[in-house]
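Below is one structure; the comments refer to it alone.
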Amino acid sequence: VTAYANHDHCVKVKVIRLTPAITYYYRFLYLKNGVYYATKTAKTKTAPVSTADVSVKFGFVSCQDYIGRYYNPYVKLLDEQADFFIHLGDYVYESTGDPSFQNASGVRVIQFTDQVNAITAYASNGQPYYLAASLDNYRQLYRTYRSDALLQEVHEAMPMIPIWDDHEFADDCWGATATTFDERRNELSISRRQNAERAWLEYMPVDLDEVSEGSISVNEATLYPNNRIYREFYFGKHLHLIMTDYRSYRPDHLIREDAFPATVVLDEATLQQLISAQGLDFQTVRNSFLPYFNIDLAELATLKVILTAVVTQAYLAEGIATADAQQRASTVIRGNLDATVVNNLLQSYNQTTSTPYPLFDNTQLANMSRGLSYLGLGKQSLFSSLGSRYLVVKQSYDLYANYQYLMGSGDSGQNGLGQTQETWLRNTLLNSTQTWRVVGSSVSLTSLLLDLANTDGLPADFIALLNSLPSAYRHLFYFNVDQRDGFVNKRAALVELLDSVTNTVSIAGDIHASYVSQHGERTFEFTGTSVSSGTFSTLASNQATEIGLSNVEAITASIDYLLRRANPMISYANSNANGVSIMQVSADSIEVDYHLLAAEVAFENHYNDRQAIRDNVQTLSFQVKSGKLSLI
190 VTAYANHDHC VKVKVIRLTP AITYYYRFLY LKNGVYYATK TAKTKTAPVS TADVSVKFGF
250 VSCQDYIGRY YNPYVKLLDE QADFFIHLGD YVYESTGDPS FQNASGVRVI QFTDQVNAIT
310 AYASNGQPYY LAASLDNYRQ LYRTYRSDAL LQEVHEAMPM IPIWDDHEFA DDCWGATATT
370 FDERRNELSI SRRQNAERAW LEYMPVDLDE VSEGSISVNE ATLYPNNRIY REFYFGKHLH
430 LIMTDYRSYR PDHLIREDAF PATVVLDEAT LQQLISAQGL DFQTVRNSFL PYFNIDLAEL
490 ATLKVILTAV VTQAYLAEGI ATADAQQRAS TVIRGNLDAT VVNNLLQSYN QTTSTPYPLF
550 DNTQLANMSR GLSYLGLGKQ SLFSSLGSRY LVVKQSYDLY ANYQYLMGSG DSGQNGLGQT
610 QETWLRNTLL NSTQTWRVVG SSVSLTSLLL DLANTDGLPA DFIALLNSLP SAYRHLFYFN
670 VDQRDGFVNK RAALVELLDS VTNTVSIAGD IHASYVSQHG ERTFEFTGTS VSSGTFSTLA
730 SNQATEIGLS NVEAITASID YLLRRANPMI SYANSNANGV SIMQVSADSI EVDYHLLAAE
790 VAFENHYNDR QAIRDNVQTL SFQVKSGKLS LI
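If you read the sequence shown in this note's numbering, its first letter stands for residue 190, the second for the next number, and so on.
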């Protein structure tokens, strides 16, 4: 076969007519100028036939940021001599120095050779960093990541089954839309998505059945929006592996990043209907919602002009061009508006004028209707992932999501899999005859509930800590609604489906933490942590810092306690370690080992001192047997 420049000199070959359940050794010979060059000798292993009564061992990993970090946990994956390993996504990261989570000052850095066609973003201190956009950008990421000696060794030791998550294209993406700039500009780019997918397909051992055998090239017809990487595998009579795709077909996040905090999304009549349907008395909870009024009333014409001008200036301060700022302001200053937000805007306006406009007083506020605004959902600024993708108020969000599901966007607004894939998953599960079904997903089903309101039973020092939080953060939050918590109704339906089929477990990645959870009566999920990327506790620390909370270290140090306290379905949580996970599937049980390394180890290269890595690994083992989960 020929290594073509227009495939970045990648070669993939599909070999068939192999013997099941056997280890094969292979290498490539490269002919250049009459001289043959040989690669290292690698090995792979074929799957046992679907009727073989054998156990199967495999690893599952995710999230291997290269910038300033090393892949030390892979030593344990090599030690385990697994039959294969699964990569659940974030094999590469599209950014090359995002200071919010990457350390670009060390020796592991990437500078795009095609920087002119990369996307430029700016850190809070004004320093630029870059994100992949061109095909050359994405190819360079894979070339650089694959230059890591330990990662090469892993690929030489065993076959891999990969899926993608978001960073192979863009953080928290949906379809071909990125979220880097939080709706300050349109980030829909089919060409960028296709560039990302093309590079992935060039470098990943995936053929998608495009050829029966022989040389594999990237088929343009399979790129977005025609991609399909969800697929199934059989390993003997006991393991049916079902791999899904959460990113390609999912809709936008329920709350857009540019949602205007004052916009009322559920008025009082709608809230009363929703809450009454739950068998509750609306009057007992009415005051937990915020007062609102209709800005389009004729008597409020002057106020409308003032608010439009104030909000236009706010958009201008965010770097929005004048015409766009004016259009955005005129769009959001209409209909029902949250009086609390309006008062805050008026306070700012009154400081700049000699003719202040009176604020709504307590009597006026008390006589207003009550509704749910984006502020009530957690959105506090014009452009932000906070209150959109992160830290949304659970009770309010559940109400809004349920309303949208039943009365608004319906199924399509929450279907992270897309209708075609969802139907395939249902049929695949219901028709499966293997002993165990393992469903692989790039994102976790485990709810990340963070209770910063309830102090019952807490130690005195922790009560003081929570009481020190601003009132806006004294709530029960969904920490992350980019994952399945964002699709409340469809998440429940998926759990119901998984739970309807015996011996079904889920594996997931993305969140950079290790969780063992039970969903429904008998469905268990093993969420594996990142190989090298910053851990979930670091992400929580960043979010706490961004919203200006005090005692950040105390909050993040207690993150696992807070998560388990709010969600008793979590049996085990470790949000501050990197690692790899190993699953062994046999006739009567599934066993999962978590091999974990302290987060700070990722910043140092220990490849030449592997025993030191082994000596510092913490291993925890879990078993699912006869419908029960246990620590072994």
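Beta carbons: idealized from backbone N, C-alpha and C, even for Gly.
Three-state secondary structure (DSSP) at phenylalanine 792? Residue state for phenylalanine 792 is assigned as helix, using DSSP reduced to three classes.
Best match in Tyr219, Gly223, Val264 and Ile205 for proximity to aspartate 798 [C-alpha to C-alpha]: That would be Val264, whose Cα lies nearest to the Cα of aspartate 798.
Skipping 5 residues on each side, what residues in its chain have a beta carbon closer than 7 Å to that of valine 190? Cβ within range, chain order: Val200, Val202 and Ser404.
Glutamate 714 versus Ser730, Ala762 and Asp279, residue with shortest Cα-Cα distance: Ala762 is the residue among Ser730, Ala762 and Asp279 whose C-alpha sits nearest the C-alpha of glutamate 714.
For histidine 151 and valine 224, what's the separation of their Cα atoms in angstroms? A query on residue 151 cannot be resolved here, the shown segment of the chain reaching from 190 to 821 and no further.
Counted within 10 angstroms of its Cβ, other Cβ atoms place tyrosine 280 as buried (16 or more) or exposed: Burial state of tyrosine 280 is buried, judged by a 10 Å Cβ sphere holding 16 or more other Cβ atoms.
In whole angstroms, what is the alpha-carbon distance linking asparagine 539 and proline 545? The alpha-carbon atoms of asparagine 539 and proline 545 are separated by roughly 5 Å.
Asparagine 591 and leucine 683 closer than 8 Å at C-beta: Between asparagine 591 and leucine 683, the gap from beta carbon to beta carbon reaches 8 Å or more.
Tell me whether arginine 420 sits in a helix, a strand or coil according to DSSP, three-state version. Arginine 420 carries a strand assignment under DSSP once its states are collapsed to helix, strand and coil.
Looking only at C-alpha atoms, which of Tyr260, Phe274, Thr230 and Ile256 sits nearest to alanine 236? Ranking Tyr260, Phe274, Thr230 and Ile256 by Cα distance to alanine 236 puts Phe274 first.
What is the DSSP secondary structure of aspartate 279, counted as helix, strand or coil? Three-state DSSP puts aspartate 279 in coil, outside helix and strand.
What are the start and end residues of each continuous beta strand (DSSP E) run of 3 or more residues lying completely inside the segment 710-768, in chain order? Within the segment 710-768, the complete beta strand (DSSP E) segments at least 3 residues long are 712-716 and 759-763, listed from N- to C-terminus.
According to DSSP, which residues form a beta bridge with glutamine 540? DSSP lists no partner for glutamine 540.
Option nearest valine 582 by Cα separation, candidates Ser601, Leu561 and Gly597: Comparing alpha carbon positions, the residue from Ser601, Leu561 and Gly597 closest to valine 582 is Leu561.
Going by DSSP, which residues form a beta bridge with valine 243? Valine 243 is not bridged to any residue.
Can you give me the start and stop residues for the alpha helix (DSSP H) that asparagine 483 sits inside? Looking at the DSSP string, asparagine 483 is not in any alpha helix (DSSP H); the run it does join, the beta strand (DSSP E), is 479-483.
Does glutamine 515 come out as helix, strand or coil in the three-state DSSP assignment? In the structure shown, glutamine 515 sits in a helix (DSSP, three-state: H, G or I).
Assign arginine 536 to one of two classes, buried (16 or more other C-beta atoms within 10 Å of its C-beta) or exposed (fewer than that). The displayed chain sequence assigns glutamine, not arginine, to residue 536. Exposed, by the Cβ-count rule.
State buried or exposed for threonine 724, treating a residue as buried only when at least 16 other CB atoms are found within 10 Å of its CB. By the 10 Å Cβ count, threonine 724 comes out buried.
Pull up the distance between the alpha-carbon of glutamine 603 and that of asparagine 643, whole angstroms please. Computed Cα separation, rounded: 29 Å.
Which residue's Cα is closest to the Cα of glutamate 793: Ser722, Arg680, Glu735 and Leu818? Comparing Cα positions, the closest option is Ser722.
Under the three-state DSSP convention, the category histidine 784 falls into: DSSP places histidine 784 in strand when its eight states are reduced to three.
Specify, as a first and last residue, the run of the alpha helix (DSSP H) that phenylalanine 811 falls within. Where phenylalanine 811 is concerned, there is no enclosing alpha helix (DSSP H), although the beta strand (DSSP E) it sits in stretches over 807-814.
Using alpha carbons as the reference points, say which of Asn532, Glu386, Tyr282 and Leu460 lies closest to alanine 451. It is Asn532.
DSSP state of glycine 560 mapped onto helix, strand, coil: Glycine 560 falls in the strand class under three-state DSSP.
Would a C-beta distance cut-off of 8 Å place leucine 637 and leucine 752 closer than the cut-off? Yes, they are a contact pair.
Return the Cβ separation of serine 630 and isoleucine 700 in integer angstroms, given the expectation that the two are a contact with Cβ distance under 8 Å. That pair is no contact at about 11 Å.
Excluding sequence positions up to five away, which residues of its chain have a Cβ less than 6 Å from the Cβ of arginine 328? Result list for arginine 328: Asp197 and Ala388, in chain order.
Any heavy atom of the ligand PLP inside 7 Å of the beta-carbon of leucine 618? Absence of the ligand PLP is noted for the structure shown, with no ligands found whatsoever.
Give me the Cβ distance between serine 294 and tyrosine 318, rounded to the nearest whole Å; I'm assuming they're in contact under 8 Å. Separation of the CB atoms of serine 294 and tyrosine 318 is rounded to 12 Å, and the pair is thereby denied contact status at 8 Å.
In the DSSP assignment, the alpha helix (DSSP H) including lysine 265 goes from what residue to what residue? Here the alpha helix (DSSP H) through lysine 265 covers 263-269.
By how many angstroms is the C-alpha of serine 695 removed from the C-alpha of asparagine 822? For residue 822 there is no data in the structure shown, the boundaries of the chain being 190 and 821.
Spatial neighbours of threonine 745 in its chain, beta-carbon cut-off 7 Å, leaving aside the 5 residues before and after: Here threonine 745 has Ser726, Ala729, Ser730 and Ala733 as same chain residues with Cβ atoms under 7 Å from its own Cβ, once five neighbours each way along the sequence are excluded.
Grouping DSSP H, G and I as helix and E and B as strand, with all else coil, what is alanine 801? DSSP places alanine 801 in helix when its eight states are reduced to three.
Per DSSP, which residues does glutamine 773 bridge with? Please list them. DSSP lists Lys246 and Glu780 as partners of glutamine 773.
Short Cβ contact (8 Å threshold) for leucine 606 with tyrosine 435: The answer is yes: Cβ separation under 8 Å.
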